[in-house]
Amino acid sequence: MGRRLLVTGGAGFIGSNFVHHVVEHTDDEVIVLDKLTYAGNRASLAGLPEQRVELVVGDIADAALVDDLFGRVDAVVHYAAESHNDNSLNDPRPFLDTNIVGTYTLLEAARRHGTRFHHISTDEVYGDLELDDPARFTESTPYNPSSPYSSTKAGSDLLVRAWVRSFGVQATISNCSNNYGPYQHVEKFIPRQITNVIRDIRPKLYGKGENVRDWIHADDHSSAVLTILDKGEIGQTYLIGADGEKDNKTVVELILTLMGQPADAYDHVTDRAGHDLRYAIDSTKLRTELGWQPHYRDFEAGLAATIDWYRAHEDWWAPAKDGVEAFYATKGQ
Numbered sequence: 001m002g003r004r005l006l007v008t009g010g011a012g013f014i015g016s017n018f019v020h021h022v023v024e025h026t027d028d029e030v031i032v033l034d035k036l037t038y039a040g041n042r043a044s045l046a047g048l049p050e051q052r053v054e055l056v057v058g059d060i061a062d063a064a065l066v067d068d069l070f071g072r073v074d075a076v077v078h079y080a081a082e083s084h085n086d087n088s089l090n091d092p093r094p095f096l097d098t099n100i101v102g103t104y105t106l107l108e109a110a111r112r113h114g115t116r117f118h119h120i121s122t123d124e125v126y127g128d129l130e131l132d133d134p135a136r137f138t139e140s141t142p143y144n145p146s147s148p149y150s151s152t153k154a155g156s157d158l159l160v161r162a163w164v165r166s167f168g169v170q171a172t173i174s175n176c177s178n179n180y181g182p183y184q185h186v187e188k189f190i191p192r193q194i195t196n197v198i199r200d201i202r203p204k205l206y207g208k209g210e211n212v213r214d215w216i217h218a219d220d221h222s223s224a225v226l227t228i229l230d231k232g233e234i235g236q237t238y239l240i241g242a243d244g245e246k247d248n249k250t251v252v253e254l255i256l257t258l259m260g261q262p263a264d265a266y267d268h269v270t271d272r273a274g275h276d277l278r279y280a281i282d283s284t285k286l287r288t289e290l291g292w293q294p295h296y297r298d299f300e301a302g303l304a305a306t307i308d309w310y311r312a313h314e315d316w317w318a319p320a321k322d323g324v325e326a327f328y329a330t331k332g333q
């Protein structure tokens, strides 16, 4: 029998992909703690064996609940976060409550119970790079967040580092590039464009579409996190990336081409405030020290598989689609 893991945010996009990955590739049992906000979805855990996956609906800032759950598990993987830049610009407060206070609550429980703790973070804590800059983010890149979302994630990372150093918490951190794949909410860039095409709505591209993201399939993120949980050195940070740099214009045009549409059948819309130019991850440390490699090395193949998933699971994404498009319409996006 394997471990029992607590996965916070395990009904969200990246968290649910991790739960599916754990069930498929290990003997571990999983307790999912998820608040089931709009970004969490019970349906993302549908079909998983009940004897191995338990869903607890609750808040990571609920200290009593968190303490009880920590007493039942061997390790914790902390995915739960408010994570949408646009939402953080509209109302920053939930990002403080979840990303800062929630992470603090979990760390205090890890401290009391001596529980192995892995903290999931983002490359957005490093700010952005110029489009013509040959550099990529590394574990030593200074933090330079640019939004309420990325600043609260940076703050949560620093809390983890402090609890390791000050209190001996057995924690590691990973900062990952942009994820794509199944179970991603339709407000996000790639699934929004895919579902637009399915619904015969023209895809939307912020500004000129020159902003570059370093894409990684969620299943590769999951395998990297398991590798760090098993082999990572306590107190260390590992960057997770799959060398998937693409500008947004290229991604939209590739989605259209893969879905049998003209590559230029999209609309330019008002750019996001403070839109970071470029993210790029150097995952050398993870690959050389822990021996991890991504499975989806071809972005086009991974994107095609993702398109197939959304085509086959309209029942999963359709309930949220109309509301998302109505919200963006009010912003001219």
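Residue 91 in full-length UniProt numbering is what sits at position 91 of the sequence shown, and the numbering runs on without skipping anything.
We put the CB at the ideal spot given by N, CA and C, even for glycine.
Where the alpha helix (DSSP H) containing residue i begins and where it ends
{"i": "arginine 165", "result": "148 to 167"}
{"i": "tryptophan 309", "result": "299 to 312"}
{"i": "leucine 290", "result": "284 to 290"}
{"i": "aspartate 86", "result": "85 to 90"}
C-beta atoms of residue i and residue j nearer than 8 Å
{"i": "threonine 115", "j": "alanine 75", "result": "yes"}
{"i": "histidine 118", "j": "aspartate 157", "result": "no"}
{"i": "threonine 122", "j": "asparagine 175", "result": "yes"}
{"i": "leucine 159", "j": "tyrosine 238", "result": "no"}
{"i": "valine 125", "j": "proline 145", "result": "yes"}
{"i": "serine 283", "j": "phenylalanine 18", "result": "no"}
{"i": "valine 212", "j": "arginine 272", "result": "no"}
{"i": "glycine 102", "j": "alanine 61", "result": "yes"}
{"i": "glycine 40", "j": "tyrosine 79", "result": "no"}
{"i": "glycine 232", "j": "leucine 303", "result": "no"}
{"i": "alanine 280", "j": "glutamate 245", "result": "yes"}
{"i": "isoleucine 100", "j": "threonine 172", "result": "no"}
{"i": "glycine 209", "j": "threonine 306", "result": "no"}
{"i": "histidine 113", "j": "phenylalanine 70", "result": "yes"}
{"i": "leucine 131", "j": "valine 73", "result": "no"}
{"i": "valine 23", "j": "glycine 10", "result": "no"}
Opening and closing residue of the beta strand (DSSP E) in which residue i lies
{"i": "threonine 103", "result": "It is not in any beta strand (DSSP E) - threonine 103 instead sits in the alpha helix (DSSP H) that spans 103 to 113."}
{"i": "serine 121", "result": "116 to 122"}
{"i": "valine 269", "result": "267 to 269"}
{"i": "threonine 141", "result": "Segment: none, threonine 141 is in no beta strand (DSSP E) and carries neither H nor E."}
{"i": "glutamate 29", "result": "29 to 34"}
{"i": "threonine 8", "result": "4 to 8"}
Reduced DSSP secondary structure (H/G/I, E/B, other) of residue i
{"i": "valine 22", "result": "helix"}
{"i": "valine 73", "result": "coil"}
{"i": "isoleucine 14", "result": "helix"}
{"i": "isoleucine 60", "result": "coil"}
{"i": "leucine 277", "result": "coil"}
{"i": "glutamate 54", "result": "strand"}
{"i": "leucine 256", "result": "helix"}
{"i": "leucine 129", "result": "strand"}
Any 3 or more C-beta pairs closer than 8 Å across the segment 181 to 188 and the segment 239 to 251: Per the Cβ contact rule, the segment 181 to 188 is not in contact with the segment 239 to 251 (fewer than 3 Cβ pairs under 8 Å).
Alpha helix (DSSP H) segments (min. 4 residues) lying fully within the segment 163 to 247: Entirely contained in the segment 163 to 247, the alpha helix (DSSP H) runs reaching 4 residues are, in chain order, 189 to 198, 218 to 231.
Touch test, the segment 141 to 152 against the segment 294 to 303, Cβ-Cβ under 8 Å, three pairs minimum: Taking a cut-off of 8 Å on C-beta distances, the segment 141 to 152 does not touch the segment 294 to 303, as fewer than three cross pairs fall below it.
The segment 265 to 274 / the segment 196 to 209 touching (three or more Cβ pairs under 8 Å): Between the segment 265 to 274 and the segment 196 to 209 there are three or more inter-stretch CB-CB distances shorter than 8 Å, so the stretches are counted as touching.
Validate contact between the segment 27 to 42 and the segment 55 to 63 using beta carbons, cut 8 Å, 3 pairs: Yes, the segment 27 to 42 touches the segment 55 to 63.
Cβ contact (3+ pairs, closer than 8 Å) linking the segment 127 to 136 and the segment 77 to 85: No, because fewer than three Cβ pairs between the segment 127 to 136 and the segment 77 to 85 fall closer than 8 Å, the two stretches do not touch.
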